[in-house]
Structures are given as structure tokens and as C-alpha cells.
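Under my numbering, think of the first position of the sequence shown as 32, with each following residue one higher.
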Amino acid sequence: MKQFEGKRFEGRTVVVTGGNKGIGLAIARRFGREGASLVLGSIETTVGEAAEALEAEGVPARGVVCDVTDKAAVKALYDVADEAFGGTDISVQNAGIITIARVEALTEQDWDATMAVNTKGVFLCCQEAIARMRRGGRGRAGKGGRLINTASGQARDGFIYTPHYAASKFGVVGLTQSLAKEVALDAITVNAICPGIIHTDMWDYNDKVWGEMLGDYGPGELMASWVENNVPMKRAGTGEDVAGLVAFLASDDAAYITGQTINVDGGLIMS
Ligand code: NDP
Numbered sequence: 032m033k034q035f036e037g038k039r040f041e042g043r044t045v046v047v048t049g050g051n052k053g054i055g056l057a058i059a060r061r062f063g064r065e066g067a068s069l070v071l072g073s074i075e076t077t078v079g080e081a082a083e084a085l086e087a088e089g090v091p092a093r094g095v096v097c098d099v100t101d102k103a104a105v106k107a108l109y110d111v112a113d114e115a116f117g118g119t120d121i122s123v124q125n126a127g128i129i130t131i132a133r134v135e136a137l138t139e140q141d142w143d144a145t146m147a148v149n150t151k152g153v154f155l156c157c158q159e160a161i162a163r164m165r166r167g168g169r170g171r172a173g174k175g176g177r178l179i180n181t182a183s184g185q186a187r188d189g190f191i192y193t194p195h196y197a198a199s200k201f202g203v204v205g206l207t208q209s210l211a212k213e214v215a216l217d218a219i220t221v222n223a224i225c226p227g228i229i230h231t232d233m234w235d236y237n238d239k240v241w242g243e244m245l246g247d248y249g250p251g252e253l254m255a256s257w258v259e260n261n262v263p264m265k266r267a268g269t270g271e272d273v274a275g276l277v278a279f280l281a282s283d284d285a286a287y288i289t290g291q292t293i294n295v296d297g298g299l300i301m302s
């Protein structure tokens with residue numbers, strides 16, 4: 032079935048962290064096709080290439096090297112949106128990392144880095160975006176906006192060997208609910224999404240490391256087995272599947288939805 036696509040975001044600016052590849056790039060492309068201007072942030076310089084590729088497709092885009100754990104860098108990311116496009120209307124907190132290890136082998140560094148990117152990084156971006164949305168842009172006070180935070184199926188059901196990742200993603204749900212209540216009267220909605228098994232570089236890492244730890248799985252075999260046994264739709268998700276949900280939450284149709292956490296996982300988790 033063809034996805035709904037219009038030009039719902041013409042005249043709007045979208046910031047996407049982790050926008051240089053994987054799910055983030057698919058989200059950026061979707062907004063670009065629907066008329067938005069884009070500011071992509073990621074830790075590697077490839078974010079510039081991703082923005083250039085979008086521009087070559089006719090989508091106004093900027094790429095900014097930005098570590099989401101660094102408050103000053105996050106501020107600079109939103110400064111680019113202000114300077115290039117007159118403000119941020121929609122902010123998608125998608126950057127994330129994972130490591131997988133048995134509990135005795137899980138280092139403090141694993142814990143701290145994962146919480147810093149996945150939870151604090153989401154918070155810092157929301158904080159900066161909200162401050163600007165409340166102040167308003169383009170000469171208007173309090174223009175409102177949309178925040179979409181990427182959690183995970185592991186914000187519903189922690190999986191083995193990833194207590195730090197599960198904690199960081201449960202944290203995303205908590206901060207989403209709290210912020211949604213605080214900004215509800217400012218015409219800003221804040222929602223979280225929980226992707227399931229989405230085939231990206233991150234999943235290739237999961238497949239390899241969990242595969243080795245959980246049994247004698249070759250490349251791709253763990254993912255295939257989980258999809259077959261646990262996903263009612265019996266296919267892995269794509270970045271486009273996630274982008275469709277993000278675009279809906281950012282659209283005018285979702286004006287009365289806030290503080291929610293929504294799964295996009297082919298039915299993997301139904302709570
Ligand atoms: P990828 O590993 O493909 O991409 C991760 C992105 O996050 C990259 O763009 C990376 O940038 C960026 N990033 C990492 N650390 C930082 C940082 N400190 N500052 C800024 N950007 C950073 O992962 P996915 O596309 O699969 O995942 C995207 C999101 O979806 C993550 O939050 C992930 O936890 C979540 N998710 C993914 C699932 C899956 O099955 N794939 C399932 C559930 C949730 P760079 O390339 O520059 O390092």
C-alpha cells in the first residue's frame with residue numbers, strides 16, 4: 032500500500048539528530064519530500080554529505096557536526112536552523128548508541144556514554160528546541176512546535192545484555208511525558224516512538240554481537256529468526272516505516288496527541 036505523502040511541511044524547518052544515516056536519514060528524506068527544510072546533526076562529518084545529497088534532490092538542508100551530549104554544540108545546531116531557515120518547527124531526537132555485554136563486562140563507560148547520548152542528548156535537544164519554540168521565531172511569540180523522541184522497543188521491554196540501553200530508553204519515555212505536561216499550553220507536543228527491529232548499521236551490530244552471545248548465529252540469522260518468531264508481520268522494519276510515524280506525529284493531524292509513546296514494530300510489542 033502506498034504511504035500517504037503530501038506537502039504537509041512546506042515552510043517548516045525540521046531538525047533531525049543522527050540524520051546522516053539509518054532511521055534518521057529516512058526521517059529527513061521523508062520530511063524533505065513533504066516540503067520541509069532540514070538541519071541534520073550527527074557526530075561524524077558525513078552529515079555534511081547527507082545534507083548535500085538532500086540539496087541535490089532539491090531539499091534545502093544543512094549538515095552540522097554536533098555531539099548531542101555537548102550543550103554548546105546542541106545550541107549551535109539550533110542556531111543553524113535559526114540562521115538558515117528562521118527557526119525550528121519540528122525537532123526529532125533520533126541520535127542513539129548501543130553496546131551489548133554481559134553484566135560483569137559492562138563498563139561504567141558503556142553505562143555513562145549510553146545514558147549521555149540516548150537520554151541526556153534527547154533532553155538537551157528538547158530543552159534547546161522548547162526554549163526557542165516558546166520564544167517564537169520569525170518575529171512571532173510562542174509559535175509552538177513538535178518534538179519527537181526516539182525511544183525503542185527496549186523502552187517497553189528490556190532485552191538481555193543491554194541494561195544500560197534499556198534504562199536510557201525508558202528514560203526517554205519519562206522525560207517525554209514530563210516535558211509534554213510542561214509545554215502543553217505552549218502549542219508544543221512531545222511524543223516518543225519505539226521502533227522494533229529496523230535494519231540499519233545499529234541492527235547489524237546487534238545481530239552480530241547478540242548473535243554470538245545467544246547462540247551459533249551467522250550474519251543476519253538472529254534478525255531473521257527474531258522476525259520469523261516474534262514479529263507478527265514477519266518482516267523487519269525500514270527507516271521509511273519509522274519516518275511515516277514521525278511525519279504523522281509532526282503533522283497537523285496529530286495536534287491533540289502529546290505525551291504518548293507509540294510502537295512502530297510490526298506488532299512485536301503490543302503494550
Ligand atoms: P545508526 O547506528 O544507524 O545511527 C545512529 C545515529 O546516531 C547516527 O547518525 C550517529 O551519528 C548518531 N549519533 C550517535 N552518537 C551521537 C552523538 N553523540 N551525537 C550526535 N549524533 C550521534 O542507528 P539507527 O538509525 O538504527 O538508530 C536511530 C535511533 O533509533 C537510535 O536512537 C536507536 O537507539 C533507535 N532504535 C533503533 C532500532 C533499530 O532496530 N535500528 C530499534 C529501536 C530504536 P554518526 O554516524 O555521526 O556517528
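Glycine residues also receive a C-beta, built at the ideal position from the N, C-alpha and C atoms.
Residue i versus residue j: straight-line alpha-carbon distance, rounded
i	j	result
residue 42	residue 69	11 Å
residue 140	residue 36	42 Å
residue 175	residue 154	18 Å
residue 114	residue 93	11 Å
residue 45	residue 268	23 Å
residue 184	residue 100	22 Å
residue 107	residue 62	22 Å
residue 170	residue 110	Reliability fails at residue 170, whose pLDDT of 45 lies under 50, so the model's placement of it is uncertain and no value is given.
residue 147	residue 71	19 Å
residue 236	residue 128	11 Å
residue 281	residue 177	6 Å
residue 67	residue 190	36 Å
residue 144	residue 233	16 Å
residue 158	residue 135	35 Å
residue 285	residue 217	15 Å
residue 165	residue 173	4 Å
Inter-residue CB distance, residue i and residue j (contact presumed, cutoff 8 Å)
i	j	result
residue 49	residue 126	3 Å
residue 298	residue 262	6 Å
residue 149	residue 200	6 Å
Residue range of the beta strand (DSSP E) that includes residue i
i	result
residue 194	Unbroken run through residue 194 is the alpha helix (DSSP H), 194-214; no beta strand (DSSP E).
residue 161	Residue 161 -> not in any beta strand (DSSP E); alpha helix (DSSP H) instead, spanning 152-166.
residue 299	No beta strand (DSSP E) holds residue 299; DSSP gives it neither H nor E.
residue 181	176-181
residue 130	Per DSSP, residue 130 belongs to no beta strand (DSSP E) and is neither H nor E.
residue 220	219-226
The alpha helix (DSSP H) enclosing residue i, as first and last residue numbers
i	result
residue 256	252-261
residue 291	No alpha helix (DSSP H) holds residue 291; DSSP gives it neither H nor E.
residue 64	53-64
residue 124	No alpha helix (DSSP H) contains residue 124, which is instead part of the beta strand (DSSP E) from 121-124.
residue 237	232-245
residue 99	Per DSSP, residue 99 belongs to no alpha helix (DSSP H) and is neither H nor E.
residue 85	77-87
residue 280	270-281
residue 145	139-146
Residue j beta carbon less than 9 Å from that of residue i
i	j	result
residue 229	residue 277	no
residue 273	residue 57	yes
residue 231	residue 54	yes
residue 124	residue 181	yes
residue 81	residue 59	yes
residue 131	residue 254	no
residue 97	residue 121	no
residue 289	residue 215	yes
Neighbour flag for residue i against chain B, beta carbons, 9 Å
i	result
residue 96	No chain B appears in this structure, which consists of one protein chain only.
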